[in-house]
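Peer 1: Structure in structure tokens, see below.
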Amino acid sequence: MLHKSLRILGLGLLALVLASGVLVSAQEPVEITITGTASGAGFDWLATVVKPLCEAQLSDAGMPVTISPVEWVGSGDDFRQQVVLDLGVGQGGDILNLDGFWIPEFVEAGLVKPLREVAGDAVMEWDGWDQIPEGLKTILGFQGEIYGIASGTDARVIWYRADLFEQAGIDVPWTPTSWEDVLEAARTLKAAGVEWPLQLNAGTSMGEATTMQGYLMALLGAGQHIYDFETGKWIVRSQAILDTLNLYNDIYNIEELGSQRFQLAQNGRDLSFESFSQGNTAMLVEGDYFWRSIVVPGGNFGMDNRDEVVRFAPMPAEEPGMGYNGQDFVTISGGTGYSLNPNTAHPAEAWGVLACMFSQESLEGFNELQPRIRARVDVPVTGDTTMSAIATEILPLTTIRPPLPEYNRVSAEAQLMTERVVSGEMTPEAAMDAYATAVIDIVGEENTVDMMGS
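Residue numbering for the sequence shown follows our numbering, starting at 1200 and increasing by one per position.
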């Protein structure tokens, strides 16, 4: 009966561990720390859903634990640096909140290990894997191994203020079908008095937010990815890259449709969020994180009238049919999740908590706090029509970042390339040439392709 109840709760591994006789029910509770960047609804989930639910379930199973969520108050980049330092000296929380694109580099550095190596082969017997599509398993995977469980995934769109559009005489709902449609809307908004009609992330200060929400969203619209998955080479020069940089130049220098300052200031991303929430920016290319965590009432830049005035439109290709894979609209997805620290002194208990965290019951509790696209297919988006629409309309268009250890360094060069254009330091052609030189130095010329023939 115990084994059956554990599997119903999504803790099949615990049943197997208990059956092996490794654990005894009389043990004192051990502390399992969960450390990460989760804040707001994410931290509330850990504190108000995961902690009571999983402590009770594991206690009933003869594995008493005390779960201690630890909230990180710095930036994501700062947390990444702290994780690298902790793992490098054998420290850190028992369960770590990691971004999927960190995994390849962490693996190459020997900082993380596959779940089955940390907690045993029985990890793969967890019945929750049956509810997670292969593509979402790989968010925290690398070279066929699984290093954690994804909290879910996301998609990127153009968020716009319907009230500003209507005041400018632009029909709502608005669905642009080309870059020119986006620029024309921005021009109309500017003529109507909107201070900054359009925000497309650029520069090094925004870090990966520049690459994902800015550069790649435009590059995919120009028909290309940062990496050619068919040939296994990084694209260093192309017409698509040049078109993307020219778009940045149009927005920030030639037509001044966006704030150059936001792209160059250390807190520029927050400044763009604040500007949008206050009605001074009309369009902002961002992930669904923006809807559910930034402008949500009570969020960092919460808008009490969010549901009435904030809308989204899919990001169009440069021209219809010109987008990546011949698409009319494009997006890209990432995802974070939780991994086991290979240095944990309590691998069985840590896995028990992790499995419980990603049980159907736990994630349903998370969705009550924050509806979003979860990794488990038996936990659909409910209670938020906007998030449901993104899941059904936008997610099928998506692609992912190349899961390679070199990606972080190449991404940083893409951020620098956009900064050089936006700041006026370089022309788009010169910035692309500098990018090409830098990427060749990182990955080797044999692993790059130059589509401009230079």
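Even for Gly, the Cβ is constructed at its ideal location relative to N, Cα and C. These numbers come from a predicted model, not from an experiment.
Which stretch, first to last residue, makes up the beta strand (DSSP E) that contains residue 1267?
Peer 2: One-based indexing of the sequence shown puts residue 1267 at position 68. That run of the beta strand (DSSP E) goes 1264-1270.
Peer 1: Could you give the DSSP three-state label for residue 1231: helix, strand or coil?
Peer 2: Numbered from 1 along the sequence shown, position 32 holds the residue referred to as residue 1231. Reduced to three states, the DSSP call for residue 1231 is strand.
Peer 1: What are the boundary residues of the alpha helix (DSSP H) that includes residue 1561?
Peer 2: Working through the sequence shown from its first residue, we reach residue 1561 at position 362. Start and end: 1559-1568.
Peer 1: The beta strand (DSSP E) that contains residue 1482, what's its start and end?
Peer 2: For the purposes of this step, residue 1482 is taken as the residue at position 283 of the sequence shown. Segment 1480-1486, the beta strand (DSSP E) holding residue 1482.
Peer 1: So the candidates are 1340, 1355 and 1354; which of them puts its Cα closest to the Cα of residue 1348?
Peer 2: Within the sequence shown, residue 1348 is the residue found at index 149, counting from 1. That would be 1340, whose Cα lies nearest to the Cα of residue 1348.
Peer 1: Do you know offhand how far residue 1234's Cα is from residue 1447's?
Peer 2: For this step, residue 1234 is matched to residue 35 along the sequence shown. For this step, residue 1447 is matched to residue 248 along the sequence shown. One C-alpha to the other measures close to 37 angstroms.
Peer 1: Is residue 1390 buried or exposed, if buried means 16 or more other CB atoms sit within 10 Å of its CB?
Peer 2: In the sequence shown, counting from the first residue as 1, residue 1390 sits at position 191. By the neighbour-count rule (16 or more Cβ atoms within 10 Å), residue 1390 is not buried but exposed.
Peer 1: Could you name the residues of the same chain whose beta carbon sits closer than 8 angstroms to that of residue 1265, not counting the 5 residues immediately before and after it, in chain order?
Peer 2: Position 66 of the sequence shown, counted from the first residue, corresponds to residue 1265. Contacts found: 1228, 1229, 1230, 1231 and 1254.
Peer 1: Starting from the N-terminal side, write out each stretch of the alpha helix (DSSP H) that is 4 residues or longer and does not extend beyond the stretch 1298-1347.
Peer 2: For the stretch 1298-1347, whole alpha helix (DSSP H) runs of length 4 or above, ordered along the chain, are 1302-1307, 1314-1318 and 1333-1336.
Peer 1: Would you kindly work out how many angstroms separate the C-alpha atoms of residue 1332 and residue 1323, rounded to a whole number?
Peer 2: Within the sequence shown, residue 1332 is the residue found at index 133, counting from 1. Within the sequence shown, residue 1323 is the residue found at index 124, counting from 1. If you take the alpha carbons of residue 1332 and residue 1323, they lie about 14 angstroms apart.
Peer 1: Count the other C-beta atoms from every protein chain shown that fall within 10 angstroms of the C-beta of residue 1468, then say buried if there are 16 or more, exposed otherwise.
Peer 2: The residue labelled residue 1468 in the question sits at position 269 within the sequence shown. Buried, since its Cβ has 16 or more Cβ neighbours within 10 Å.
Peer 1: Considering only the beta carbon of each residue, do residue 1513 and residue 1528 sit closer than 7 angstroms?
Peer 2: Along the sequence shown, one-based indexing puts residue 1513 at 314. Along the sequence shown, one-based indexing puts residue 1528 at 329. Cβ distance < 7 angstroms, so residue 1513 and residue 1528 count as in contact.
Peer 1: Under the assumption that residue 1461 contacts residue 1476 (Cβ atoms under 8 angstroms), give the Cβ distance between them as a whole number of angstroms.
Peer 2: As a first step, residue 1461 must be located in the sequence shown, where it is residue number 262. As a first step, residue 1476 must be located in the sequence shown, where it is residue number 277. Wrong, their Cβ atoms sit about 14 angstroms apart, outside the cutoff.
Peer 1: Do residue 1418 and residue 1443 have their C-beta atoms closer together than 7 angstroms?
Peer 2: Counting from one through the sequence shown, the residue named residue 1418 turns up at place 219. Counting from one through the sequence shown, the residue named residue 1443 turns up at place 244. Going by C-beta atoms, residue 1418 is nearer than 7 angstroms to residue 1443.
Peer 1: Contact between the stretch 1548-1559 and the stretch 1433-1443: three or more CB pairs below 8 angstroms?
Peer 2: These segments do not touch.
Peer 1: Can you find the residues in the same chain that come closer than 6 angstroms, C-beta to C-beta, to residue 1498, ignoring five residues on each side of it along the sequence?
Peer 2: In the sequence shown, the residue the question calls residue 1498 occupies position 299. Counting only Cβ-Cβ distances below 6 angstroms, and skipping sequence neighbours, we find 1492.
Peer 1: I need the DSSP call for residue 1367, collapsed to helix, strand or coil.
Peer 2: Indexing the sequence shown from 1 puts residue 1367 at position 168. Residue 1367: coil per DSSP, three-state reduction.
Peer 1: Using alpha carbons as the reference points, say which of 1595, 1572, 1597 and 1578 lies closest to residue 1585.
Peer 2: The residue given as residue 1585 occupies position 386 in the sequence shown. The shortest Cα separation from residue 1585 among 1595, 1572, 1597 and 1578 belongs to 1572.
Peer 1: Excluding the five sequence neighbours on either side, which residues of its own chain have a C-beta within less than 6 angstroms of the C-beta of residue 1582, listed in chain order?
Peer 2: The residue you call residue 1582 lines up with position 383 of the sequence shown. Closer than 6 angstroms at Cβ, skipping near neighbours: 1570.
Peer 1: Could you pull out every residue in the same chain whose Cβ sits closer than 8 angstroms to the Cβ of residue 1627, ignoring the five residues on either side in sequence?
Peer 2: The residue given as residue 1627 occupies position 428 in the sequence shown. If we look at residue 1627 and ignore the five residues flanking it on each side, its Cβ neighbours are 1441, 1444, 1445, 1447, 1448 and 1620.
Peer 1: If you draw a straight line from the alpha carbon of residue 1609 to that of residue 1641, how long is it in whole angstroms?
Peer 2: Walking along the sequence shown from the start, residue 1609 turns up at place 410. Walking along the sequence shown from the start, residue 1641 turns up at place 442. So the two alpha carbons sit approximately 7 angstroms from each other.
Peer 1: Just to confirm, are residue 1501 and residue 1353 a CB contact at a threshold of 7 angstroms?
Peer 2: Taking the sequence shown and counting its residues from 1, the one referred to as residue 1501 is at position 302. Taking the sequence shown and counting its residues from 1, the one referred to as residue 1353 is at position 154. In this structure, residue 1353 does not lie closer than 7 angstroms to residue 1501 by Cβ.
Peer 1: Going by alpha carbons, who is nearest to residue 1652 out of 1415, 1363 and 1434?
Peer 2: Position 453 of the sequence shown, counting from 1, holds the residue named residue 1652. Considering only alpha carbons, the answer is 1434.
Peer 1: Can you tell me the Cα-Cα spacing of residue 1383 and residue 1392, whole angstroms?
Peer 2: To locate residue 1383, count along the sequence shown from 1; it is residue 184. To locate residue 1392, count along the sequence shown from 1; it is residue 193. Roughly 14 angstroms separates the two Cα atoms.
Peer 1: Where does residue 1651 sit, in a helix, a strand or coil, going by DSSP?
Peer 2: Walking along the sequence shown from the start, residue 1651 turns up at place 452. Looking at residue 1651 - three-state DSSP - the assignment turns out to be coil, as it is neither helix nor strand.
Peer 1: Decide if residue 1248 is buried, meaning its Cβ has at least 16 other Cβ atoms within 10 Å, or exposed.
Peer 2: Within the sequence shown, residue 1248 is the residue found at index 49, counting from 1. Residue 1248 should be labelled buried.
Peer 1: Is the beta carbon of residue 1451 sitting closer than 7 angstroms to the one on residue 1296?
Peer 2: In the sequence shown, the residue the question calls residue 1451 occupies position 252. In the sequence shown, the residue the question calls residue 1296 occupies position 97. Not in contact: residue 1451 and residue 1296 (Cβ atoms no closer than 7 angstroms).
Peer 1: Can you tell me whether residue 1433 is helix, strand or coil according to DSSP?
Peer 2: Against the sequence shown, residue 1433 aligns to sequence position 234. Residue state, collapsed to three classes: strand.
Peer 1: Any beta-carbon of chain B closer than 7 angstroms to the one on residue 1452?
Peer 2: Absence of chain B from the displayed structure is noted, only one protein chain being present.
Peer 1: Taking C-alpha atoms, which residue in 1346, 1292, 1293 and 1495 lies nearest to residue 1535?
Peer 2: On the sequence shown, position 336 is the one that residue 1535 refers to. For the residues 1346, 1292, 1293 and 1495, the minimum Cα distance to residue 1535 belongs to 1346.
Peer 1: Taking DSSP as the reference, what is the three-state secondary structure of residue 1535?
Peer 2: Here residue 1535 refers to the residue found at position 336 of the sequence shown. In this structure, residue 1535 counts as strand in the three-state DSSP scheme.
Peer 1: Return the chain-ordered list of same chain residues with a C-beta closer than 6 angstroms to the C-beta of residue 1361, the five sequence neighbours on each side being excluded.
Peer 2: The count along the sequence shown starts at 1 and reaches residue 1361 at position 162. Same-chain partners within the cutoff: 1371, 1508 and 1510.
Peer 1: Which same chain residues, not among the five before or five after residue 1533, have their C-beta less than 8 angstroms away from its C-beta?
Peer 2: Reading the sequence shown from its first residue, position 334 is the one you call residue 1533. So the qualifying residues of the chain are 1298, 1299, 1300, 1338, 1352, 1353, 1411, 1486, 1599 and 1600.
Peer 1: With distance defined between alpha-carbon atoms, name the residue in 1304, 1259, 1543 and 1262 nearest to residue 1280.
Peer 2: Here residue 1280 refers to the residue found at position 81 of the sequence shown. Taking only the C-alpha atoms, the option nearest residue 1280 is 1304.
Peer 1: For residue 1388 and residue 1421, what's the separation of their Cα atoms in angstroms?
Peer 2: Along the sequence shown, read from residue 1 onward, the residue named residue 1388 stands at position 189. Along the sequence shown, read from residue 1 onward, the residue named residue 1421 stands at position 222. The alpha-carbon atoms of residue 1388 and residue 1421 are separated by roughly 24 angstroms.
Peer 1: What first and last residue would you give for the beta strand (DSSP E) that runs through residue 1459?
Peer 2: Here residue 1459 refers to the residue found at position 260 when the sequence shown is read from its first residue. From DSSP, residue 1459 is part of no beta strand (DSSP E) but of the alpha helix (DSSP H) over 1459-1463.
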